[in-house]
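K.L.:
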Amino acid sequence: MVVDSCKFFDAMTAKYTLKPTGKRKHRRDSMMSKTEVMLVMIPFHGSGYRCFKHFYLEKVCKQLRHLFPKVVSYNRIVELERDVVIPLTLFIKKVLLGKCTGISFVDSTPLRVCKNQRIHIHKVFKGIAQRGKCSMGWFFGFKLHLICKEKGELLNFMITPGDIDDRKPLEYKAFIDFIYGKLFGDKGYISKNLFQRLFVDGIQLITKLKSNMKGALMSVSDRLLLRKRAIIETVNDELKNIAQVEHSI
Numbered sequence: 025m026v027v028d029s030c031k032f033f034d035a036m037t038a039k040y041t042l043k044p045t046g047k048r049k050h051r052r053d054s055m056m057s058k059t060e061v062m063l064v065m066i067p068f069h070g071s072g073y074r075c076f077k078h079f080y081l082e083k084v085c086k087q088l089r090h091l092f093p094k095v096v097s098y099n100r101i102v103e104l105e106r107d108v109v110i111p112l113t114l115f116i117k118k119v120l121l122g123k124c125t126g127i128s129f130v131d132s133t134p135l136r137v138c139k140n141q142r143i144h145i146h147k148v149f150k151g152i153a154q155r156g157k158c159s160m161g162w163f164f165g166f167k168l169h170l171i172c173k174e175k176g177e178l179l180n181f182m183i184t185p186g187d188i189d190d191r192k193p194l195e196y197k198a199f200i201d202f203i204y205g206k207l208f209g210d211k212g213y214i215s216k217n218l219f220q221r222l223f224v225d226g227i228q229l230i231t232k233l234k235s236n237m238k239g240a241l242m243s244v245s246d247r248l249l250l251r252k253r254a255i256i257e258t259v260n261d262e263l264k265n266i267a268q269v270e271h272s273i
């Protein structure tokens with residue numbers, strides 16, 4: 025599936041890419057194809073390795089050398105990773121996500137790119153990453169917004185700068201396009217306007233009640249389902265501590 029996805033992506037980009045004008049600059053093709061780079065990145069997140077460098081040098085270059093005969097240096101594959109960000113994201117969006125069953129959970133988690141003491145000397149994501157605040161305090165980086173169903177399978181995701189409000193992604197049609205039924209979130213998603221907007225689209229946003237929300241009623245079934253928000257918090261924990269998504273950034 026990865027091979028077919030890369031071929032389709034290359035065909036579509038070649039179809040709409042502007043042709044070079046004037047003197048053509050020669051660009052040497054990489055020894056490793058986009059497919060091979062993606063096939064290195066995907067198994068890393070389920071391998072149990074905490075360091076991509078160790079995984080690549082020990083696992084790929086030695087134990088899996090028969091599958092990747094034309095390996096490149098570690099510095100080079102880090103450069104090649106930038107070229108496959110878009111096709112990898114499209115592959116995940118089109119192939120690896122589940123289907124909504126009518127009960128979904130939404131949450132966000134910070135993706136820190138550096139410690140707070142190093143913000144002023146950080147260069148990699150300068151101008152992109154932003155300061156944000158979560159339940160654990162201030163951080164510098166991005167936010168990963170997730171929607172999953174009651175069994176923990178991901179339905180959609182979005183990455184935004186750290187200063188974006190948790191409710192903002194729910195305003196985008198593409199993020200909730202295939203979501204319907206009940207959507208459970210924490211108190212950070214409380215918004216009357218957002219509730220009305222989602223309700224028109226067939227989504228009932230259900231959140232925990234604040235102490236000053238007098239007169240607000242909630243059914244017993246909704247209260248029980250709200251307790252299952254631990255499902256998406258478990259997904260966040262596995263993505264960070266097993267899949268190493270925060271370390272990869």
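In the working numbering, the protein residues as written are 25 to 273.
Glycine included, each C-beta is placed from N, C-alpha and C at the ideal position.
What you are looking at is a predicted structure, and each value in this text was computed from that prediction instead of being measured.
Leaving out five residues on either side along the sequence, give the residues of the same chain with a beta carbon under 6 Å from the beta carbon of Leu263.
P.N.:
Val269
K.L.:
According to DSSP, simplified to helix, strand and coil, what is His78?
P.N.:
helix
K.L.:
Three or more C-beta pairs under 8 Å: does that hold for the region 160 to 171 against the region 179 to 193?
P.N.:
yes
K.L.:
Would you please state the rounded distance, in angstroms, between the beta carbons of Asn260 and Thr113? I believe it to be under 8 Å.
P.N.:
Going by Cβ atoms, the distance from Asn260 to Thr113 rounds to 19 Å, so no, they are not a contact pair.
K.L.:
Would you say the region 154 to 169 touches the region 186 to 201, given that touching needs at least three Cβ pairs under 8 Å?
P.N.:
As far as the Cβ criterion goes, the region 154 to 169 touches the region 186 to 201, which means the pair count is three or higher.
K.L.:
How would you label Val137, buried or exposed, when you count the other beta carbons within 10 angstroms and need 16 or more for buried?
P.N.:
Classified as buried, Val137 has 16 or more neighbouring CB atoms from the shown chains inside 10 Å of its CB.
K.L.:
Mind checking Thr41: buried by the 16 CB within 10 Å criterion, or exposed?
P.N.:
By the Cβ neighbour-count rule, Thr41 is exposed, with fewer than 16 other Cβ atoms within 10 Å of its own.
K.L.:
Answer with buried or exposed for Met62, where buried requires no fewer than 16 other C-beta atoms within 10 angstroms of its C-beta.
P.N.:
Met62 comes out buried.
K.L.:
Just tell me which of Gly212, Phe199, Gly156, Lys206 has its CA closest to the CA of Ile188.
P.N.:
Gly156
K.L.:
So within the region 196 to 261, which uninterrupted alpha helix (DSSP H) runs reach at least 4 residues, ignoring any that extend past its ends?
P.N.:
216 to 224, 244 to 250
K.L.:
Buried or exposed: Phe223, going by 16 or more other Cβ atoms within 10 Å of its Cβ?
P.N.:
exposed
K.L.:
Under 8 Å by Cβ, that's how I've got Phe33 and Pro111 pegged, so tell me the actual separation to the nearest angstrom.
P.N.:
4 Å
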